[in-house]
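Protein chains in written order, with the numbering used here: chain A, 5 to 119; chain B, 4 to 112.
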């Protein structure tokens, strides 16, 4: 019962470095999401995908790129990391009919620090 | 500004007390969920509500979706220390997704 798996769990980057966060789900969900969680700011949507090969911007997309080449995987990339991107990143997936979101299944998070 | 406003932000109560957490918006949502998050973990889904006026019960937790689908409440009866955590509401209107900022609940034994 893996659900949503995120890697890595922790990472420290220097300003300007790049990295990719990996997310995999085994529930055959169409929708996948990347959120960041910061103290006092709650969960904010970065990018999401409604199916294989499609992506869309969320509330805070700047500085991030995503790809959904396979239905079960959703990758989040940081091309040139900045200290403002220090955060906890959560991947999630959900069953959705388009109007109804039946609820997210979240991964356990990636704690990223940019120094 | 948050599209979904949760109140209260913090709640510290004694074991056995009852409590209600509110999630309010001026927007209509197609569906709304409640989650509980513990430190170092991702949020875990408690319930999804989709029909205005809907009431769902999960053991000692009662969830209500407002008639106009703009607000929701979570009521916990006889709170226990295991209920301690961050409670989050989330709503969507088609491909628009929103989270509340959360209510941090501490239940003291």
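Cβ atoms here follow ideal geometry from the backbone N, Cα and C, with glycine treated the same way.
Here the structure is a predicted model, which is why all the values come from computation and not from measurement.
From the listed residues A:32, A:31, A:92, the smallest Cα separation to residue 46 of chain B is found for A:92. Cβ contact annotation for residue 29 of chain B (same chain, cutoff 7 Å, sequence separation greater than five): 73, in chain order.
Between the alpha carbons of residue 64 of chain B and residue 119 of chain A lies a distance of about 42 Å.
In this chain, residue 33 of chain A is not harboured by any beta strand (DSSP E), its DSSP state being neither H nor E.
Residue environment: residue 24 of chain B is assigned as buried (16 or more neighbouring CB atoms within 10 Å of its CB, all protein chains considered).
Counting C-beta pairs with one atom in each stretch, the region 60 to 73 of chain A and the region 29 to 43 of chain A have three or more that are closer than 8 Å, which means they touch. Only those residues of the region 19 to 47 of chain B whose C-beta falls short of 8 Å from the nearest C-beta of chain A are listed: 33, 34, 36, 38, 43, 44, 45, 46, 47. A residue is called buried once 16 or more other Cβ atoms fall within 10 Å of its Cβ, and residue 53 of chain A is buried on that count. Shortest Cα-Cα distance from residue 104 of chain A to any of A:34, A:15, A:116 involves A:34.
Taking 8 Å as the threshold, the shortest C-beta distance from residue 66 of chain B to chain A does not fall below it. The region 31 to 43 of chain B and the region 88 to 95 of chain B touch, with three or more beta-carbon pairs separated by less than 8 Å. Distances from the alpha-carbon of residue 17 of chain A to those of A:95, A:84, A:112 put A:84 closest.
Around the beta-carbon of residue 69 of chain B, 16 or more other beta-carbon atoms lie within 10 Å, marking it buried.
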